[in-house]
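Enquirer: The opening residue of the sequence shown carries number 130 in this note's numbering; numbering runs sequentially from there.
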Amino acid sequence: WRSHPPPLTTPREEWMNHPSTVDLYCLGICKQSGITCLRDLTSEHIPLLKGMMKEGLAAIKSIYGVDQDQIRVFIHYQPQFYHFHVHFTRLENEVGCSVERGHLVSDVIQNLLLEDYYKKRTITYKLKKG
């Protein structure tokens with residue numbers, strides 16, 4: 130967050146509906162090994178993605194009081210680090226969700242129903258200037 134309460138001194142119950150949740154940005158880290166990025170996903174991972182989405186949205190609602198229709202859930206390609214993770218942001222927070230990099234988890238689930246979609250597809254992304 131850009132303007133959050135101090136996490137070590139603010140009781141968790143004060144985070145509920147706090148004004149700073151407008152900048153909410155959370156990560157869901159996958160416990161399953163062997164998945165590094167979007168390219169590794171297959172239709173076998175659909176239950177994992179649905180579970181990460183469901184549990185992440187439920188945690189955000191219970192801790193911060195933010196409804197799921199106010200949350201964007203996406204995956205970066207190329208990722209910032211190669212341990213599979215999912216991003217959860219408020220719709221007002223556009224950090225990291227640019228079209229060249231962010232792939233909505235709901236779209237990824239639909240694409241995985243197609244055989245080897247991410248193994249065959251060309252994925253365009255923006256490179257940083259060196």
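Idealized CB from N, CA, C, for every residue including glycine.
Measuring straight from C-alpha to C-alpha, what distance separates residue 170 and residue 223?
Expert: Along the sequence shown, read from residue 1 onward, the residue named residue 170 stands at position 41. Along the sequence shown, read from residue 1 onward, the residue named residue 223 stands at position 94. Straight-line Cα distance between these residues: approximately 25 angstroms.
Enquirer: Going by C-alpha to C-alpha distance, which of 182, 243, 192 sits closest to residue 157?
Expert: Along the sequence shown, read from residue 1 onward, the residue named residue 157 stands at position 28. Among 182, 243, 192, the Cα nearest to that of residue 157 belongs to 182.
Enquirer: Can you tell which of 210, 256, 235 has its C-alpha closest to the C-alpha of residue 174?
Expert: Numbered from its first residue, the sequence shown carries residue 174 at position 45. The candidate whose alpha carbon is nearest that of residue 174 is 235.
Enquirer: Quick check: residue 200 and residue 167, are their CB atoms within less than 8 angstroms of each other?
Expert: Translated into the one-based positions of the sequence shown, residue 200 becomes position 71. Translated into the one-based positions of the sequence shown, residue 167 becomes position 38. No; because the gap between Cβ atoms is not below 8 angstroms, this pair is not in contact.
Enquirer: Which two residues bound the contiguous beta strand (DSSP E) that contains residue 202?
Expert: Numbered from 1 along the sequence shown, position 73 holds the residue referred to as residue 202. 200–205 is the span of the beta strand (DSSP E), which, as asked, contains residue 202.
Enquirer: When DSSP builds the beta bridges, which residues end up paired with residue 230?
Expert: Looking up residue 230 in the sequence shown gives position 101. For residue 230, which the question treats as bridged, DSSP gives no partner whatsoever.
Enquirer: Buried or exposed: which applies to residue 178, given that a residue is buried once 16 or more other Cβ atoms fall within 10 Å of its Cβ?
Expert: As a working mapping, residue 178 is identified with position 49 in the sequence shown. Residue 178 comes out buried.
Enquirer: What residue range is occupied by the uninterrupted beta strand (DSSP E) comprising residue 158?
Expert: To locate residue 158, count along the sequence shown from 1; it is residue 29. Taken as a continuous stretch (DSSP letters only), the beta strand (DSSP E) holding residue 158 covers 154–158.
Enquirer: Expressed to the nearest angstrom, what Euclidean distance is found between the alpha-carbon atoms of residue 231 and residue 225?
Expert: For this step, residue 231 is matched to residue 102 along the sequence shown. For this step, residue 225 is matched to residue 96 along the sequence shown. Cα to Cα, residue 231 sits roughly 7 angstroms from residue 225.
Enquirer: Straight-line CA distance for residue 186 to residue 198?
Expert: Residue mapping note: residue 186 aligns to position 57 of the sequence shown, counting from 1. Residue mapping note: residue 198 aligns to position 69 of the sequence shown, counting from 1. The alpha-carbon atoms of residue 186 and residue 198 are separated by roughly 9 angstroms.
Enquirer: Taking the beta carbon of residue 193 as the centre, do at least 16 other beta carbons fall within 10 Å, making it buried, or is it exposed?
Expert: Position 64 of the sequence shown holds residue 193. Buried is the call here.
Enquirer: Secondary structure at residue 147, three-state DSSP: helix, strand or coil?
Expert: By 1-based counting over the sequence shown, the position of residue 147 is 18. Coil, per DSSP.
Enquirer: Within a Cβ cutoff of 8 angstroms, which residues of the same chain sit near residue 206, ignoring the five residues on either side of it in sequence?
Expert: For the purposes of this step, residue 206 is taken as the residue at position 77 of the sequence shown. So the list reads 166, 167, 168, 230, 232, 252, 254, once near-sequence residues are dropped.
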